[in-house]
Each structure stands twice: as C-alpha cells, then as structure tokens.
Amino acid sequence: MQFASIRTKIIEEFRKRLFFIGIIVIVIFGIFFFQLINLQIIQGKEYSEKSRMNMENNIPIPASRGEIYDRNFAPDKQNMVLATNRPSFNIIVIPARYQEKQKLRYAVKNVCALLKLPYDEIIADIQSNNPYNRYIIQEDVPFDIVVTIATNQDKFPNIMWEDAPVRVYPFSNMFSHVIGYIGSLTKDEYNTYKDVGYKYYQKIGKAGIERQYDSTLRGVDGYVRRIVDAKNRTEGEEIGQHPRPGYNIVLTIDYDVQKTAYTALGDKRGSVIVMKPATGEIISLVSKPDYDPNLIISKNNAKIINQLNSDKNKPFLNRTIQSRYPPASTFKLVTAIAALEEEKWNPNVTLYCPGKYTLKGYVDRDFYCYQAHGSVNLLWAIAKSCSVYFYQLGLKLGPTTIFNYAGYLGLAEPSGIDIPGEITGFIPSKKWKLKTFGQPWFDGDTVNLSIGQGFMLVTPMGMMNFIAAIVNSGVVFKPHLVKEIRSNDNSSIVSVVVPEKLREIPLSPTTLETIKQGMRMAVMSGTAARLGYLKVEMCGKTGTAQTRSKRQEDASQHAWFVGFGPYDAEPEKVVAIVVMVEYGVAGAATAVPVAEQVFSTLIKKGCF
Amino acid sequence: MFKTIRSAFQEYDVNFLFAIIVLVLIGIITIYATGFDPIEKVNSGLYKKQLLWFIIGAGCMFAVSRIHYRLLGDYSLYIYLILLLLLLITTIFGAKIRNTRAWISFGFFAIQPSEFMKLACIILLAKYLELRQFDIKRLRELLIPFAVIGLPVLLIYLQPDFGTAMIYVPIFLTLLFLGGADIPQLISIVGIATIALFVPMMLTYLEWSGVSISGGIFSFLKGNELLYIIAGSLLIISIITFILYFFFNSKIYRAIYIPAFIFSSGLFLSVLIQRFLKEYQKRRILVFLNPDLDPYGSGYNVIQSKIAIGSGGIIGKGFLKGSQSQLGFLPEKSTDFIFSVIAEEWGFIGAVIVLLLYAYIIYKGFTIALKAPDKFGMLVAGGITCMIFFHVIINIGMALGIMPVTGLPLTFLSYGGSNLIMSLISVGILINIDSRIR
Chain A
1 MQFASIRTKI
11 IEEFRKRLFF
21 IGIIVIVIFG
31 IFFFQLINLQ
41 IIQGKEYSEK
51 SRMNMENNIP
61 IPASRGEIYD
71 RNFAPDKQNM
81 VLATNRPSFN
91 IIVIPARYQE
101 KQKLRYAVKN
111 VCALLKLPYD
121 EIIADIQSNN
131 PYNRYIIQED
141 VPFDIVVTIA
151 TNQDKFPNIM
161 WEDAPVRVYP
171 FSNMFSHVIG
181 YIGSLTKDEY
191 NTYKDVGYKY
201 YQKIGKAGIE
211 RQYDSTLRGV
221 DGYVRRIVDA
231 KNRTEGEEIG
241 QHPRPGYNIV
251 LTIDYDVQKT
261 AYTALGDKRG
271 SVIVMKPATG
281 EIISLVSKPD
291 YDPNLIISKN
301 NAKIINQLNS
311 DKNKPFLNRT
321 IQSRYPPAST
331 FKLVTAIAAL
341 EEEKWNPNVT
351 LYCPGKYTLK
361 GYVDRDFYCY
371 QAHGSVNLLW
381 AIAKSCSVYF
391 YQLGLKLGPT
401 TIFNYAGYLG
411 LAEPSGIDIP
421 GEITGFIPSK
431 KWKLKTFGQP
441 WFDGDTVNLS
451 IGQGFMLVTP
461 MGMMNFIAAI
471 VNSGVVFKPH
481 LVKEIRSNDN
491 SSIVSVVVPE
501 KLREIPLSPT
511 TLETIKQGMR
521 MAVMSGTAAR
531 LGYLKVEMCG
541 KTGTAQTRSK
551 RQEDASQHAW
561 FVGFGPYDAE
571 PEKVVAIVVM
581 VEYGVAGAAT
591 AVPVAEQVFS
601 TLIKKGCF
Chain B
609 MFKTIRSAFQ
619 EYDVNFLFAI
629 IVLVLIGIIT
639 IYATGFDPIE
649 KVNSGLYKKQ
659 LLWFIIGAGC
669 MFAVSRIHYR
679 LLGDYSLYIY
689 LILLLLLLIT
699 TIFGAKIRNT
709 RAWISFGFFA
719 IQPSEFMKLA
729 CIILLAKYLE
739 LRQFDIKRLR
749 ELLIPFAVIG
759 LPVLLIYLQP
769 DFGTAMIYVP
779 IFLTLLFLGG
789 ADIPQLISIV
799 GIATIALFVP
809 MMLTYLEWSG
819 VSISGGIFSF
829 LKGNELLYII
839 AGSLLIISII
849 TFILYFFFNS
859 KIYRAIYIPA
869 FIFSSGLFLS
879 VLIQRFLKEY
889 QKRRILVFLN
899 PDLDPYGSGY
909 NVIQSKIAIG
919 SGGIIGKGFL
929 KGSQSQLGFL
939 PEKSTDFIFS
949 VIAEEWGFIG
959 AVIVLLLYAY
969 IIYKGFTIAL
979 KAPDKFGMLV
989 AGGITCMIFF
999 HVIINIGMAL
1009 GIMPVTGLPL
1019 TFLSYGGSNL
1029 IMSLISVGIL
1039 INIDSRIR
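Chains as they are written, first to last, in my numbering: chain A, 1 to 608; chain B, 609 to 1046.
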C-alpha cells in the first residue's frame, strides 16, 4: 500500500513535469509562430527586396555623356568637339557576394596581381566599404584584361566588369576654365544629390560647364537585369532599362578666338573675356594658369590634383569670375560717367596737369601722373589716361557719388554667368573703412578712388558687364557660355538659350557718346594706340593697377585693357573685350597686344 | 505476413503515422527542389537517396514497433556499449568528411553512430532512472547518468561534431527532470554550466570586437591566477560551511555553501572551457547573438536564411521558384536550412503547416508518455519526444535567426540517412508503447 502510494506520487510528479515541458513547447512554438509572422508578413517586403538584390546583379549601362561643341557647330559637317567620350571598362567587385572572406581575398589578390595594384591597400579599402555596394577596383581597363577575367572565372570568382566610357577633352588645357571636368561623387556630394537620382558610383561635373549643366549632359543610366546564382553564374539576362544618353551642348565660345586669346596670353597669369554685348554671348573665356582636365580624370590622379591644389599660382582659380583686382585707370570711365551724369560736367572744360597733384592738408601730399599732360579736357584725359584730371574730378564729386555710380553701373553685382563659383567686385564705403581700419575716409582716399586705386575691387567679368552697358546704351544681358542644347544624335535642338536682360541702366546718350569718343581717342592717339591700325574702329581704355605700393614703380602691377569695336556700328555687330594680366608691366604693354590679336582673328573671321 | 501488417495498422494511431509520413514526404520533395540546378537544369538526385533511406527507415520502424519496448530496456546496456564502441572506432578511424570523423563506412553505405547513440542513451537512461526511481533525488545517483552521457559527448566532441554533442545536453537534462531528479540539483548543474560558459564567451566577445581589455573585471577574468584564487577561496568557504552544516544542520550554512560551490566550480570549469573550446566554436555562439559580427561566416548563413524565409511572404514563391535556395545563396539547404527552403517556396502557409505537424507529433508523443504502462515507457516516450522537440526548436530557431547556428538536422525533413532512420526507429518505439496502452 505504501509502495503503491509512492508509485502514484512518482507518476503524479512525472505528469506535472511533463506538463511543464509541454508549456515550454507551447511557448517556443508560439515564439516561432510570431517570428514567422514578423519575417514573412511584417518584414516580408524588405526581405523580398533583399532577396531580389541577392539574385539581381543589375549592371548599369552608363548613359553616354553629352558632347560639347564650339559655336560654329552644324549637324552635317566636321565639328570642333571640345569634350567627348571614349569606350573603356571598369573592374568591379561586390564583397557581399562572397560566402567566405578567403574567397574574396583570393579573387582580389588575383585581380591585383593582374592589374599590378597594391593588394593590401585595396583589400583594406574594400572591407571598409558597405559590402553590398559595387566597389570599383580599377577604372579604365583595356578590353584584353576584361577578356582575361571573363575567361578565368575560377581564378577571378565574382569579379565583374562594366562599360564605363572615359571623358576626353581633345584640347586639354585650352578650355579647362570653360568646360571644367568631371569626377567621382564625394561623400558630401552623394548625400546632397542622392535624392535627385545620383548613384554613388557615378560621375558628376566638378567645375565649369560640366558642373553647371551636369543634369543636361549626364542623361539617365539604364541597366541590364541579370539573374545570377551565388557563384555569379548567369541564369537569365534582360535589358531592365535602356539608357537615355545625355544632351549635347553647343557653346557660344568660338574655337579660333579662344585659341588666339589663349596663345596671346602666353605663360602670363591673367584672363581674357570676349563677349557680344548685344546678347551676352561669350565668345572666348581664358584664365591662366590652367590645368589639363584629361589628367585630372585619369586614374591615379590623386598626385596630380594635390600638385595642382598646392600650386601657389592657383591653376584651379577661374580668374575671370573668381578673382578681383583694383580696376585702376579703367575706373576713370566710372568717374567720368558720374561727373557727366551727376554734375552736368562740361567735357570741354580743361584742367591743367603739371605731372602731379598736391592735396592740401596738415601735411601736403603729392599724387602723381605718369607724365605731365598740360591742359586736357575730358576726352583727352580719357585718351591719355591723365590722373591729375580725374583726381580733381573725383574730389569735386566726393566719394559717396563715386560709390553710388560704381554700384549703379553693376561693378559689384554678380554677372549671373552660367558657370559656378562666381564672386562679385567690392565697393568700399566710409563706414566700411572706419570699421576695417578704424580711420575715417580721407580726401586722399577719394583721390585714389577716382582713378581706381585703393580699396575698390572688380572681377574681369564685372568689368565686362560695365563695358557692355556702355556699348549697349545701358542694357546689360546675362553673359552666357551655352548657345543651344541638342539631342544626343544632334538631330534636333532641345533648347536654345535666349539672351536674358540682366539690368537696364538709364544713362543719357550724350554721356555714353562722350565716353565712347574718349575711348576711341585712346585707340587713335592715346594709350592704346597700338590698336589704331586695325581695320575695325576700336575703342578702349588701359589700366595699370599698382598693387603693393602706390608710389614706387615696381613690377607689382596688374595690366588691364577694356575695349570694344567697331566704334560706330549698331550694337549687334559690336564685340567687347576685357584683358587682365596679373603683374603685367603696364596695360598698354601687356594687355593691349592680347586684344590686338583677338580682334585680328575676329576680323579675319569676318565677324564685322 | 499481410495479416500482421493489417492488424498492426489497426493497432496504430493512423493520424500520428500520417503526420510523420507527410513530413518525410515534404522533406523529400524539398530535397528534390534543393537538388535542382536551375542553370545546368539537372538534379543532384539526392532525393532518391533520401527516398531509399525512408524505405529502409520505414521497414526498421515497422520492425521495431513489433518488438515489445521492455525488451529494449533489457538489452539497453548492450545496445549502448556496442554503439559506444562504434562511436570510438568512428572517432578514431572514421572517414573524414568536411573535417569531421562522424561517419563509419560499411562499403556501400555509411552511418553516423552519433545519431543512433542519442536513442541508445535515452533508452539506457530511462532504464536506469526506472530502476532508481525511488532514490533519484540523491545527488550521487546522478553520477552514472553523467557517465552514460559524458562518454559519447566527449567522443562526438572529439570528432569534432560540436552541434551533435551539444544536443545531448538538453536531452539529458530533460530526462533527469522527467525521471524525478531533484530540481535544485538540476538548477545547480545548469548554473555551474552557465557560469562556466559565460566567462569565456565574454572574453571572446571583447577580444573579437576589439575592446582593449584592461583593468577591472576583465583583467580579473583574463588573468587565470586571480580566477583560481577567487574560485579556490569560494570552494574553501563552501567546504567549511558544508562541514558546519553537517554538524549543526542550520539552514544558513546551506544557503552559503551551495551558491559558493556553484560559483567556484563554475569558475574552475570556465578556465577549462576557455582552453577546451576552439576559438571558432566560441565565435559561433557569439555570431548567433549578433550575426552582424561576421557577415561573411556563420552570420552569412543566418542572414541568407532570414532573407529566404522573409521573402517567402504569405503564399511563398512556389515550387522550384525560391531564388534564395535555387540560386545557392542559402547554404546547407537540404540539411540545416531545409526549413528556410520550405518557408521560401511555400510561404507562411507552408511553414505554419510544418510547425503544426511537429506540434501534433510532439503532442502525440507526450500523450503516449503520459499514458505509458510503466515508468520506463514514460521516460522513453518522453525522452524521444523531447529529442524530436529539441531538434526542431534548435534547427528552426536557427533558421529563424533566434537560436545559434549549430548544424543540427531537422528531424524527418533534413537530408541524411542516419538521422532519418534513427528518428523512424524512435517513432517505431513510440508506436509500440502506444500499442501497449490499449
């Protein structure tokens, strides 16, 4: 009896314990059930996407980037191609496709041996990236390497290749500051542009037209949808989306004029802008020093880019829009306009120039002219660039009026040109001087200001827009480099750039006529007399900015020439030019010859 | 002959048998699907082998179901010893397949003694626990069960087949639990094991994730000397308090010597495990906790398995249409991750049907255990059911990403002759016990 009761007790305990295990079973099956719901129903879409990514090895078909031509483009003839593409291949790897790390290492090691690349660096770089992303081992690989990899997949497991046309700039440096160059997206750029469809492996324009018109030029990549297995064997292939090639761009730049300006400037640092004031079309835009975009986009470019970045002459600086200088004597035109408009200054009034002007004060101070001009009226003062005349004119006007006119004439306004990175000129003020130097504005400052020395700064492009206002009766069009956008096969025009009015400055016709006459006289018998023999009636104004010292005549001078021609033609025919040479000897000596050559070419081309 | 079969079927619980056959057939169909190469358009033919194993297994099942289960108990020691010998031979001379000596070849076929050993252990332990059912609450009665399990686990570990060795532990503990062992004793054993495992895991994790180990608790755990001192002093405290308890029989001493002993032996064992477990095995358990630690190694398997299951959605991608398994992204798809293939191709519906079939089989197993005519029958039925249960939860749990990657087959479904035949023999035993109830 006792034995039996112990037995029953043991059986009872067994039942209880089995029930306990039964509860555990139910709980665990419940957990499984909910995990199934979680994976298959709640997260089902995400996992489907991941599974699709696993098997779809979508190979992008890069859209061919649009070409860039000069202004003389015509669809049916041999054209000047300023930027184009040549076929090439990239060798890529997706680390997540490897089940074992050793296999990835094996494949990469073999590729590195084949391409003669440093294995350690590359494998470290690969492993620091997202394993699901395509990693480009080498760009611009010849076709026979691709064939080697394709036929030895056991040696190069999961190593892939893709079309990747390389950008070519046939004229190297000559158009570098107009066209710019392209490059891989940086992390910052990717974060900024990923929402508008840029992929991390794509290229983006980094400067110039390539940057500004990137969305026009790049087109839309297509892709081949390839179903692969874990060993990257292809199960099926189809075109997922055809690429839409980028549009071609026809520039307003004329190849011949660009070449002339480029050659004429030689090895000097500086810039040249040639523009049609009637429309704002830029015919030539040169900035020196420059760079070869082909080298920048080449593989192993890091060294070249570093070298260019550390060059103290700043070859990446587009001096036409990104540098500002004292306008020097070219600013005398502003002072003259202010006097004519504001004071009803009679241009025939003569002032005497003994070669210097003495400003009376606690201490008398002498301001010099480069020669004694004797009695000159306004026209001769412009033509001969007589500083003493303008000193007195400036003092009469007062600084505020000159500031106002400099602003009024747009010298500190952005030109709105269609390449990025533009800066504006700078107009000082009394307040600014007090704040910056802790000094009030002196009459001596006004004297300097009236001939464009001192604090006033302009960009060459700002100067060009000022000349355009003189030529075009006060109307300024937005300077632009793109003439039209064409479809990739050039068969149709996608859009034509219509001149856009930037501002209209109400200046009296007599004022403008006087200024033009003065500039004409400067060419006929003044500082720019060298242009006088040209078949076109030129007008112009030279300038020599003293940059370091105002009194000592050392080599630190910037040479300016601003001008246009023909003198008395309808505005549609006129071409304007701004030449700026850093540390040139004098405007007349270094800047004017450049203008001379540019206009010779224009004449030869029959532009007038 | 036909009469015996017919009468046998009348005795059998047809639903139970049906559930098992359905599962095995689902397995064979899935193995067919996984053996299919969509690029070469050929089948590896693995499913034919599995079909052959099924036929052999069904024969064994039928034969065993005709043997009175108590007879198995009587011969359990001999069965155990023969298998232990086989296991020893395998571990030393077995054919090396994927760096593991788990198979012993008999000419045209090879068996995996470690699979059959599971069943032999269950039967022997059940027999022992039945004999000792009135004394089992004493700690020293657990020594023999430890030896019975310890020997094969050691041999299997040396093969080395980590996953199979591991599965013995929960089966063993559940059998002791069902056999009536003292619960505090079991908890102590588990506690020691947990402490013993925790320390090396912690160290491996920190070393692996690149945390510089300096100062505080880490240097203590890392420096074995200090560990010995602490463990040793805990042991001395526990011995002293045990002697005090022995003389004065106060409960306070009991409350001290038991935890002190647990901690000290746990720490001593942890040093052993730190030396004994291979680095990759420790990492494997860690990768289970966080698959991102190793996206290329075992973490890869779990990630791909979850992708396979998750992408199956509600109705699945369809037969032969599972891209994860068909295109080879899912590893070990006919064995360890067969559940993922089913969940991918047949979706939530298919996965739930499989889960329900298992739930039903386990439920039936427990019912048989509850109604078994004697303690031996109860323990054998309970042990076998728990063995199936543990295989199911560890395997499916692994596929679902909530259990470690251990490389265990999924009973009835996974490709593999030894496991299938052993499982079917187990079912035969269950059927026999069931038939003795009525």
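Think of the CB as a built atom: it goes at the ideal place given N, C-alpha and C, for glycine as much as any other residue.
Closer than 8 Å to chain A by CB, residue i
i: M725(B); result: no
i: F742(B); result: yes
i: L978(B); result: yes
i: C994(B); result: yes
i: A967(B); result: yes
i: M986(B); result: yes
i: V1035(B); result: no
i: Y853(B); result: no
i: L794(B); result: no
i: F574(B); result: Residue 574(B) lies beyond the range of chain B shown here (609 to 1046); nothing can be said about it.
i: L654(B); result: no
i: P778(B); result: no
i: R1044(B); result: no
Contact under 8 Å by Cβ, residue i with residue j
i: I779(B); j: M1011(B); result: no
i: S556(A); j: I451(A); result: no
i: G526(A); j: A336(A); result: no
i: I273(A); j: I282(A); result: yes
i: D70(A); j: M80(A); result: yes
i: G540(A); j: L531(A); result: yes
i: E139(A); j: N191(A); result: no
i: K199(A); j: G183(A); result: no
i: R425(A); j: T459(A); result: For clarity, residue 425(A) is Gly in the given sequence; the question names Arg instead. Yes, they are a contact pair.
i: I731(B); j: I675(B); result: no
i: I410(A); j: R503(A); result: Sequence check: residue 410(A) is Gly here, not Ile. The answer is yes: Cβ separation under 8 Å.
i: G1015(B); j: G643(B); result: no
i: L507(A); j: F599(A); result: no
CB contact below 8 Å: residue i versus chain B
i: M160(A); result: no
i: E238(A); result: no
i: A230(A); result: yes
i: E12(A); result: no
i: R211(A); result: no
i: S203(A); result: First, the residue type needs correcting, since residue 203(A) is Lys and not Ser in the sequence shown. Chain B, which has no Cβ nearer than 8 Å to the Cβ of K203(A), makes this no.
Whole-angstrom C-beta distance between residue j and residue i, which should lie under 8 Å
i: A595(A); j: P277(A); result: The Cβ separation is near 15 Å, so there is no contact.
i: I204(A); j: D214(A); result: 6 Å
Residue i beta carbon near the ligand SAM (any heavy atom closer than 7 Å)
i: A671(B); result: The model on display carries no ligand, and the ligand SAM is accordingly not part of it.
**Report entry** Sequence ranges, beta strand (DSSP E) only - wholly within the stretch 74-129 of chain A, length at least 3
**Finding:** 81-86, 89-93
**Report entry** Stretch-stretch touch, CB-based, cutoff 8 Å, three pairs: the stretch 280-297 of chain A with the stretch 308-322 of chain A
**Finding:** Two segments are said to touch when three or more pairs of C-beta atoms, one from each, lie closer than 8 Å; by this definition the stretch 280-297 of chain A touches the stretch 308-322 of chain A.
Report task. Any chance you could list the alpha helix (DSSP H) runs of at least 4 consecutive residues sitting entirely within the stretch 702-728 of chain B, in chain order? Result -> If one requires a minimum length of 4 residues, no alpha helix (DSSP H) run lies completely within the stretch 702-728 of chain B.
Report task. Please go through the stretch 162-216 of chain A and give each complete alpha helix (DSSP H) segment of 4 or more residues, from N-terminal end onward. Result -> 176-179, 187-193, 208-212
Report task. Spell out a yes or no on whether the stretch 221-230 of chain A and the stretch 38-50 of chain A are touching, meaning 3 or more CB-CB pairs, one atom from each, closer than 8 Å. Result -> The way I'd put it, the stretch 221-230 of chain A doesn't touch the stretch 38-50 of chain A; fewer than three beta-carbon pairs between them come closer than 8 Å.
Report task. Could you tell me whether the stretch 240-254 of chain A touches the stretch 482-491 of chain A, where touching means 3 or more Cβ pairs closer than 8 Å? Result -> yes
Query raised in the report: Whole beta strand (DSSP E) runs in the stretch 273-340 of chain A with 3 or more residues, listed along the chain?
Result: 281-288
**Report entry** Contact between the stretch 1027-1040 of chain B and the stretch 665-672 of chain B (3+ Cβ pairs under 8 Å)
**Finding:** yes
Query raised in the report: Can you list the beta strand (DSSP E) stretches of 3 or more residues lying completely in the stretch 365-400 of chain A, in chain order?
Result: 365-368, 374-376
Query - Contact between the stretch 650-658 of chain B and the stretch 951-965 of chain B (3+ Cβ pairs under 8 Å) - result: no
Query raised in the report: Three or more beta-carbon pairs under 8 Å between the stretch 745-758 of chain B and the stretch 773-790 of chain B, yes or no?
Result: yes
Report task. State whether the stretch 682-699 of chain B contacts the stretch 1001-1016 of chain B, with contact taken as three or more CB pairs (one from each stretch) at a distance under 8 Å. Result -> A contact is defined here as three or more CB-CB pairs under 8 Å, and the stretch 682-699 of chain B fails this definition with respect to the stretch 1001-1016 of chain B.
Query - Segment contact flag, the stretch 364-382 of chain A with the stretch 426-438 of chain A, C-beta cutoff 8 Å, min 3 pairs - result: The answer is no - the stretch 426-438 of chain A does not touch the stretch 364-382 of chain A, with fewer than three Cβ pairs under 8 Å.
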